[in-house]
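Following: one structure in structure tokens, then a few remarks.
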């Protein structure tokens, strides 16, 4: 494994969100990524991982793992999340209508909204192993 | 995250919920349950002290929204899909929610509250005494 890639396989449970955030923060800090970039990617990954755990696994009565891979880039960082829950592509959800007054805006979908706002690039694929693979990237 | 509950006496009795730690998908329900518990015991004014909360995700935002609904007399749904909109919640003429106020969110947390529009929805204070005095 390249020294710029760090992988954490972890059980998909909400109690592990804190460990996932800590794993990303630790490697990003060691790579001297600016704090504002770390804050953005940590929030985005937390939102993505929460969705995988609650909607991908738990709502379907499943349990499993998430593989978290931190990739340090020359100009930022990416975090790749892989899971074995049913196929789910958060990048295809419709954009929330931000022209609506606040009181008419639905509260559901907030996590995906924050995830998109805080990343510069978001990509999804079903990888050759049949896993969901979501990659979140934030540039410096 | 640990939640400390205390009482403060302003113009009305106020329950202060101090959050110690990160508010995320693992513990947002604890906050909702605690708020429901104090509401059931008679509290109608709550101050959530976020000075010791270094992180909030959308799950925490949902918890705050649910507490506002509880204080408006609505039974909280404890599942995300049940939450519809802000329109049901009682607000004053300035369009701010009156039963629930927030104290001292750190910049990182404030940023999330701002992005989802909550800084226009909740009164947010930096000073404890000022926050307590604001409840009517």
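Chains as they are written, first to last, in my numbering: chain A, 1 to 140; chain B, 141 to 276. Beta carbons: idealized from backbone N, C-alpha and C, even for Gly.
Apart from sequence neighbours up to five positions away, the residues of its chain that approach residue 121/A with a beta-carbon distance below 6 Å are 137, ordered along the chain. Residues of chain B with a Cβ closer than 7 Å to the Cβ of residue 117/A are, in chain order, 255.
Shown here, residue 113/A sits in a helix according to DSSP, grouped into three states. Between the C-alpha atoms of residue 64/A and residue 84/A there is a straight-line separation of about 7 Å.
Counting along the chain, residue 50/A sits inside the alpha helix (DSSP H) bounded by residues 35-51. Pairing residue 22/A with residue 54/A, the inter-Cα distance amounts to about 20 Å. Within its own chain, the residues whose Cβ lies closer than 7 Å to the Cβ of residue 11/A, once the five positions on either side in sequence are excluded, are 65, listed in chain order. Under the three-state reduction of DSSP output, residue 186/B falls in the strand class.
DSSP, read as helix, strand or coil, puts residue 132/A in strand. Here residue 160/B is exposed: its Cβ has fewer than 16 other Cβ atoms, across all protein chains shown, within 10 Å.
With respect to the 8 Å criterion, residue 20/A and residue 70/A are not classified as neighbours on the basis of their beta carbons. Residue 190/B is positioned such that its CB atom lies no closer than 8 Å to that of residue 155/B. Taking 8 Å as the threshold, the shortest C-beta distance from residue 47/A to chain B falls below it. The DSSP-derived three-state label of residue 56/A is helix. Annotation: residue 201/B to residue 127/A spans about 32 Å, alpha carbon to alpha carbon. Counting along the chain, residue 85/A sits inside no alpha helix (DSSP H), nor does DSSP assign it H or E at all. Here residue 91/A has 122, 124 as same chain residues with Cβ atoms under 6 Å from its own Cβ, once five neighbours each way along the sequence are excluded.
Scanning the stretch 187-216 of chain B from its first residue to its last, the whole alpha helix (DSSP H) runs of 4-plus residues come out as 198-211. Nearest neighbour of residue 74/A by Cα position, chosen from 31/A, 43/A, 88/A, turns out to be 31/A. Taking 8 Å as the threshold, the shortest C-beta distance from residue 142/B to chain A does not fall below it. By alpha-carbon distance to residue 8/A, the top candidate from 112/A, 79/A, 116/A is 79/A. In this structure residue 162/B is in contact with residue 18/A, their Cβ atoms being roughly 6 Å apart against a cut-off of 8 Å.
Taking each of 257/B, 212/B, 246/B in turn and checking the Cα distance to residue 266/B, the smallest one comes out for 246/B. Residue burial annotation: residue 46/A is buried, with at least 16 other C-beta atoms found within 10 angstroms of its C-beta. When 8 Å is used as the limit between beta carbons, residue 114/A is near these residues of chain B: 197, 198, 252, 255, 256, in chain order.
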